[in-house]
Amino acid sequence: MEERMLEDVSGDTKVEEIVDTTTQAATIETATATTLDETIEPIQLAETDTDIETQMDSSSEELETEEIIVVDEKGQDDVDERISESEQVVKDSLEEEEEVEEVVLPALYAPTPTEYGEVPAASMSYMKMADAYMKKDNYKSAAKQFLKVLKKAPHHIPAILGYASSFERYASNKQLGEVAIAYSNVTQYAIAQENPRFAQAVLNRALSVSKDMMEGGTRMDVLQHLASLSFTNEIASDMYYEIGSELWKEKKSATAVDAKKSFKMANAFAFAAKDTEDGSGSESESESGSGFHAQSLAILGEIALSENKPKLALSHLEKALTVDLGDLSVDALYNSARAKEAVNDLNGAIEMYKRALSSNLTPTAATANVHYHLAMAMQSAPDMESAEIEQHMELALNMGFELTVS
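Residues 1 to 406 (full-length UniProt numbering) are what the sequence shown spells out, left to right.
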């Protein structure tokens, strides 16, 4: 048995009673039903004009938060326009939101440390012959001697490196992918033999060779292979940036999705590299140490701008421009200016265009675009001198700007 206090709806009367726990549910149900019966009142229909006005006044108080627009046929176009603008604002807001997706990072390359035996004496004689051929610039013969060494001692790093180096000197453009793979073999054995600094230097060489490969073909396969050998977060960050850049090179929407994914992976690896030690035992001192990959963010901004998402573009570009972007600086500043124009920040756009010009002293096609768009922005802004506008337009045309280029 349990003693409880029940209160009626008005709160004026309190009734004390003893409620058996076995009938508690039934009592609550009865009390609830009684409460509903007391609070629900029948709706009275208005019988006179005065009653109608009274009901309308009462209803308007209850709908204070709702906006009621009463228009005739002539004013309907204005209402439709307001609704259209409202829908566009919502649409633009949704489009500016970046896709939220989980970035799954592959595991870093971490082979089991291995100790290898000594190189056979016969193989060392082949090494001497290979060195002699290298001094005579007979690279094909040198490569053959290095291969003889590797048949007996595939782990011998000087022979692996010697073969890659000699092969590079006589290889055709079509064989550069094979050269890059040959250099990557050095990285694999160097990591296994716990020599990360040397491994990274040779992997960078492999990446450099891959950049000279003909576009298309097996270039992407080579880049993906090199990325699979990333043994630090920082290296992986740079590798996935290269993959993203290759995908976005043609600036086609068909490859934009994969390009964005690669750039986001580069950024995620850079975040993972923050405040951590790389394989050489020293902390990263590049832009990756700041927790983001600046070049990747710069191109993510460019992609967002191409997708008519200027606010998202600015969020990427402003962060990227906090560090030195090197060759990407002009493009990043230019894209930032275009994005500011898109959000009606004309003064900010003019400032960015001028920063782009001051950071690139060598006239290029990129600076021609900057001069042209700066002239157009200044023309739209108030209190700008016409002489300066004409000067930028003239410089743009002298640098080869084509009016068909946006």
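We put the CB at the ideal spot given by N, CA and C, even for glycine.
Inset, instruction - Return the residue from the list T367, M384, M378 and A381 that minimises the CA-CA distance to N398. - result: Nearest C-alpha to N398: T367.
Legend entry - Proximity test, Cβ basis, 8 Å: A366 and chain D: Of the protein chains in this structure there is only one, and it is not chain D.
Inset, instruction - Label Y116 either buried or exposed according to how many other C-beta atoms from any shown protein chain fall within 10 Å of its C-beta, with 16 as the threshold for buried. - result: When all chains shown are included, Y116 counts as exposed.
Inset, instruction - For D387, count neighbouring C-beta atoms within 10 Å of its own C-beta (all shown protein chains included) and say buried if the count is 16 or more, exposed if not. - result: Just to set this straight, residue 387 is Ala in the shown sequence, not Asp. Label assigned to A387: exposed.
Inset, instruction - Rounded to whole angstroms, what's the CA-CA distance from K274 to G291? Just pull it up for me. - result: Roughly 5 Å separates the two Cα atoms.
Legend entry - CA nearest to the CA of K152, picked from S237, Y126, E394 and A190: With respect to the C-alpha of K152, the residue from S237, Y126, E394 and A190 having the closest C-alpha is Y126.
Inset, instruction - Work out the CA separation of M384 and M265 for me, nearest whole Å. - result: 44 Å
Legend entry - Under 8 Å between C-beta atoms of residue 409 and F146: Here the chain comprises residues numbered 1 to 406, so residue 409 is not present and cannot be evaluated.
Legend entry - Close Cβ partners of A375 (< 6 Å) along its chain, the five nearest in sequence each way excluded: Listed in chain order, the non-local C-beta contacts of A375 below 6 Å within the same chain comprise I389, H392 and M393, local neighbours out to five positions each way being set aside.
Inset, instruction - Check whether the Cβ atoms of A110 and F271 lie closer than 8 Å to each other. - result: no
Inset, instruction - Measure the CB-CB distance between A356 and Y372 and report whether it falls below 8 Å. - result: no
Inset, instruction - Please determine, among A304, F269 and A143, the residue with the shortest C-alpha to C-alpha distance to V257. - result: A304
Inset, instruction - Note down the Cα distance separating N369 from E215, rounded to an integer number of angstroms. - result: For N369 and E215, the gap between their C-alpha atoms comes out near 26 Å.
Legend entry - Neighbour-count burial assignment, N335, 16 or more Cβ in a 10 Å radius: With 16 or more Cβ atoms within 10 Å of its Cβ, N335 is classed as buried.
Legend entry - Buried versus exposed, by CB contacts within 10 Å (16 or more), F401: buried
Legend entry - Residue burial classification, V103 (beta-carbon count within 10 angstroms, cutoff 16): exposed
Inset, instruction - Have a look at S172, A206 and E118 and flag the residue whose alpha-carbon is nearest the alpha-carbon of L161. - result: Checked all of S172, A206 and E118; the closest Cα to L161 is A206.
Legend entry - Start and end residues, alpha helix (DSSP H) containing F269: S253 to A273
Legend entry - Where D238 falls: helix, strand or coil (DSSP): helix
Legend entry - Inter-residue CB distance, E168 and V222 (contact presumed, cutoff 8 Å): The Cβ separation is near 14 Å, so there is no contact.
Inset, instruction - For S230, name the three-state secondary structure that DSSP assigns. - result: coil
Legend entry - 4-residue-minimum alpha helix (DSSP H) runs that sit fully inside the stretch 122 to 191, ordered along the chain: 139 to 152 and 157 to 170
Legend entry - Cutoff 6 Å; reference A164; Cβ partners in own chain excluding five residues on either side: Once the five neighbours on either side are set aside, the close Cβ partners of A164 are A182 and Y183.
Legend entry - Supposed contact pair S237 and H156 - C-beta distance, whole angstroms, cut 8 Å: Going by Cβ atoms, the distance from H156 to S237 rounds to 31 Å, so no, they are not a contact pair.
Inset, instruction - Would you mind stating whether S123 and A142 have Cβ atoms separated by less than 8 Å? - result: no
Inset, instruction - Taking V186 as the reference, give the member of Q175, M134, F198 and L403 with the closest Cα. - result: Out of Q175, M134, F198 and L403, F198 has the C-alpha closest to the C-alpha of V186.
Legend entry - S282, DSSP secondary structure in three states: Its pLDDT being 45, under 50, S282 is placed unreliably by the model, and nothing is read from it.
Inset, instruction - Note down the Cα distance separating A190 from V343, rounded to an integer number of angstroms. - result: 51 Å
Inset, instruction - Quick one: give me the first and last residue of the alpha helix (DSSP H) that H392 is part of. - result: S386 to N398
Inset, instruction - Could you tell me the distance, in whole angstroms, from the CA atom of S262 to the CA atom of V323? - result: Spanning the alpha carbons of S262 and V323 requires a straight line of approximately 20 Å.
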